[in-house]
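A.B. asks: 1 is the number of the first residue of the sequence shown in our numbering; add one for each residue after it.
The beta-carbon is built from N, C-alpha and C at its ideal position, and this holds for glycine as well.
The structure is given below, and queries will be raised subsequently.
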Amino acid sequence: MNIKPLADRVLVKPAAAEEKTASGIIIPDSAKEKPLKGEVIAIGNGTKDEEMVVKSGDIVLYGKYAGTELELEGEKYLIMRQSDILAII
Numbered sequence: 001m002n003i004k005p006l007a008d009r010v011l012v013k014p015a016a017a018e019e020k021t022a023s024g025i026i027i028p029d030s031a032k033e034k035p036l037k038g039e040v041i042a043i044g045n046g047t048k049d050e051e052m053v054v055k056s057g058d059i060v061l062y063g064k065y066a067g068t069e070l071e072l073e074g075e076k077y078l079i080m081r082q083s084d085i086l087a088i089i
């Protein structure tokens with residue numbers, strides 16, 4: 001991975017969106033919801049006021065509008081502040 005987040009930022013690979021409902025109904029692309037969990041790929045060093053709690057490999061939950069989307073080598077990622085992460089699963 002060529003991306004190294006700075007300060008208290010975290011690089012997250014979002015989980016895949018659900019393709020089917022629990023009852024087996026296929027969800028069209030236009031109706032899929034943005035996933036709210038993902039895997040931490042890389043973390044920054046933190047700041048003097050905030051140490052990094054998450055680590056690479058953690059599965060995290062984040063807010064619906066958290067982070068900035070970016071695409072690298074055909075993969076979609078989010079880069080966000082550690083404070084945008086709600087929980088570690």
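#1: Report the rounded CA-to-CA distance for Lys76 versus Lys13, giving the unit in angstroms.
#2: Excluding sequence positions up to five away, which residues of its chain have a Cβ less than 6 Å from the Cβ of Ile89?
#3: Nearest-angstrom Cα distance between Met80 and Thr21?
#4: What is the residue span of the beta strand (DSSP E) that Val10 lies within?
C.D. replies: Taking the definition as stated:
#1: Locating residue 76 in the sequence shown gives position 76, where the first residue counts as 1. Locating residue 13 in the sequence shown gives position 13, where the first residue counts as 1. Those two C-alpha atoms are separated by around 7 Å.
#2: What you label residue 89 is simply residue 89 of the sequence shown in a count that begins at 1. If we look at Ile89 and ignore the five residues flanking it on each side, its Cβ neighbours are Ile59.
#3: In the sequence shown, residue 80 corresponds to position 80, counting from 1. In the sequence shown, residue 21 corresponds to position 21, counting from 1. Answer to the nearest angstrom: the Cα atoms are 29 Å apart.
#4: Position 10 of the sequence shown, counting from 1, holds the residue named residue 10. Counting along the chain, the beta strand (DSSP E) containing Val10 begins and ends at Arg9 to Pro14.
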